[in-house]
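Asker:
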Amino acid sequence: MSSVRKEEKRVAKRRQVYKPILDNPFTNEGKLWPHVTDQNLVFQLLEEKVLKRWKLLQEVGKDDACVTVGFNEIVGLLSPRDTETPSDARDEYLLFVCTKDLPSVLISQIPILCEISRLTVKLVQLPRFSLARFEDAFKDVKHNGMCLVRADDHYKNFARLIADKVESLSIPWLHSAEFQRAPVKLVATTAPILKKTAASDAKKPQKQQQQQQQQQRSS
Amino acid sequence: MSGLIGKTKEKKSNIDSEGTLRIPAPKNIGNKEHYQRLNYLIQSSAFLSAQINDTDESLSRNYMKNMDAIRKKNQLALSPQVKRQVCKKCHRLLVPGRNLEMRIMNNTKKIRKRDVKAIRKSDILTYQCACGERKNFPIGKDPAYQLHLEKPGNLISI
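Note that the protein sequences, when read in sequence, are chains A and B.
Per our numbering, residue 14 is the first one in the first sequence, and the count goes up by one each step.
Per our numbering, residue 376 is the first one in the second sequence, and the count goes up by one each step.
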């Protein structure tokens with residue numbers, strides 16, 4: 014004998030529905046974020062060279078001038094302004110982002126910002142669960158899962174090692190007109206199955222009669 | 376013969392454990408021409424917005440306005456990523472550093488030093504267009520939030 018629950022499940026209450034949707038030809042995240050060949054090695058390097066140093070300097074009560082942390086600060090630095098370019102604009106910058114641990118709306122515009130920026134920025138995506146290590150290193154400082162490192166003399170070798178592992182950023186639609194085919198996709202959702210009952214069938218003629226009566230009154 | 380009779384297959388039920396009737400995805404979609412038209416308008420608008428240094432962006436905005444009108448008339452769906460990239464008021468295609476300012480705001484009044492996690496819960500990401508219109512996303516409320524489309528298996532390419 015089967016249980017009541019099993020019996021209920023035999024009768025479908027909802028059905029699967031596929032709805033067409035137009036995807037953005039420009040925000041394909043797989044293409045936007047540059048590929049990293051060895052993510053774990055890159056993260057280990059970041060931890061050894063940047064996060065640990067930051068932690069030690071914080072304990073002493075100093076700040077690392079080459080490291081910028083936090084969404085607002087990084088966006089402010091990368092945004093192109095009408096004023097003159099800063100003196101340290103020649104240096105290369107490395108932007109590390111925990112892409113897998115952050116909401117997509119927060120990071121969706123970052124690659125475009127890096128491409129438009131006057132500074133030369135190498136965008137590096139970090140593996141899943143790297144946000145927890147950021148929490149450990151930055152503690153009370155608001156970091157939003159991203160940090161920008163200026164590759165000055167101290168970080169030059171580090172930047173060179175990272176650059177070998179990361180592909181360069183390319184967003185073609187910002188520079189040329191290359192038509193992309195319509196990325197129409199299907200979204201799988203469910204909809205309730207509405208069954209015709211005797212009561213609902215009986216209501217229909219009543220409604221029709223009411224409408225006819227109203228028309229007669231109005232005429 | 377007796378072997379063949381024994382091999383008759385039982386029909387598999389299409390109903391899953393949640394009581395949903397599973398139907399295979401269709402291979403074609405209707406209104407494809409309309410979707411192609413929308414796609415063309417989005418890309419033309421992006422090209423004009425990115426290539427030409429025009430502060431007003433009138434032609435680009437006009438294309439986007441047309442796209443929105445066609446979409447509404449024909450009841451076509453756009454992905455949330457596209458909708459987030461367009462200003463609802465002036466129909467600008469939002470490009471950071473050009474016509475979009477991004478900022479994380481936090482309006483909590485009672486700030487206690489140890490309550491960093493509690494403060495982060497009220498983080499709001501704000502997209503501000505050049506026209507002054509704002510889009511707010513409460514990212515602190517649920518950092519692990521995913522759109523229905525972002526969940527694996529929900530978006531099927533044809």
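Even for Gly, the Cβ is constructed at its ideal location relative to N, Cα and C.
1) Around the C-beta of residue 507 of chain B, are 16 or more other C-beta atoms found within 10 angstroms, so that it is buried, or is it exposed?
2) State yes or no: is the beta carbon of residue 25 of chain A nearer than 9 Å to at least one beta carbon in chain B?
3) So residue 204 of chain A is in the beta strand (DSSP E); what residue range does that whole segment cover?
4) Are the C-beta atoms of residue 447 of chain B and some chain D residue less than 9 Å apart?
5) Report the option in B/452, B/392, B/433, B/444 whose CA atom is closest to the CA atom of residue 404 of chain B.
6) Just tell me which of A/127, A/154, A/136 has its CA closest to the CA of residue 93 of chain A.
7) Just the chain B side, please: which residues come within less than 7 Å of residue 187 of chain A by C-beta, in chain order?
8) Exposed or buried, residue 531 of chain B, counting other C-beta atoms within 10 Å across all chains shown (16 or more means buried)?
9) Helix, strand or coil: which one does DSSP assign to residue 530 of chain B?
10) What is the rounded straight-line gap between the Cα of residue 133 of chain A and the Cα of residue 119 of chain A?
11) Interface residues of chain B around residue 56 of chain A at Cβ under 7 Å?
12) With DSSP run on the structure shown, which of helix, strand or coil describes residue 476 of chain B?
13) Have a look at residue 392 of chain B and residue 528 of chain B and give me their C-alpha separation to the nearest angstrom.
14) Tell me the start and end of each unbroken alpha helix (DSSP H) in the region 64–149 of chain A that is at least 4 residues and wholly inside, in chain order.
15) Straight-line CA distance for residue 377 of chain B to residue 396 of chain B?
16) DSSP three-state call for residue 513 of chain B: helix, strand or coil?
17) First and last residue of the alpha helix (DSSP H) that includes residue 457 of chain B?
18) Measure the alpha-carbon distance for residue 379 of chain B versus residue 398 of chain B and round it to whole angstroms.
19) State the CB to CB distance for the pair residue 495 of chain B and residue 515 of chain B, rounded to an integer number of angstroms; the pair is presumed to be in contact (CB under 8 Å).
Answerer: Result, derived from the coordinates:
1) exposed
2) Residue 25 of chain A counts as touching chain B.
3) 197–205
4) Here the protein chains are A and B, and chain D is not one of them.
5) B/452
6) A/127
7) 425
8) exposed
9) strand
10) 21 Å
11) Within chain B, no residue comes near residue 56 of chain A; the closest Cβ sits about 20 Å away, beyond 7 Å.
12) Strand.
13) Roughly 17 Å between the two C-alpha positions.
14) 65–73, 84–91, 117–120, 123–129
15) The pLDDT assigned to residue 377 of chain B is 46, lower than 50, so where the model puts this residue is not dependable; a value taken from the coordinates is nonetheless given after this. Each residue's Cα considered, the two are about 34 Å apart.
16) DSSP places residue 513 of chain B in the coil class of the three-state scheme, outside both helix and strand.
17) In the DSSP assignment, residue 457 of chain B falls within the alpha helix (DSSP H) that extends over 455–459.
18) Because residue 379 of chain B sits at a pLDDT of 49, beneath the cut-off of 50, its placement in the model cannot be relied upon, and the point is left open.
19) 5 Å
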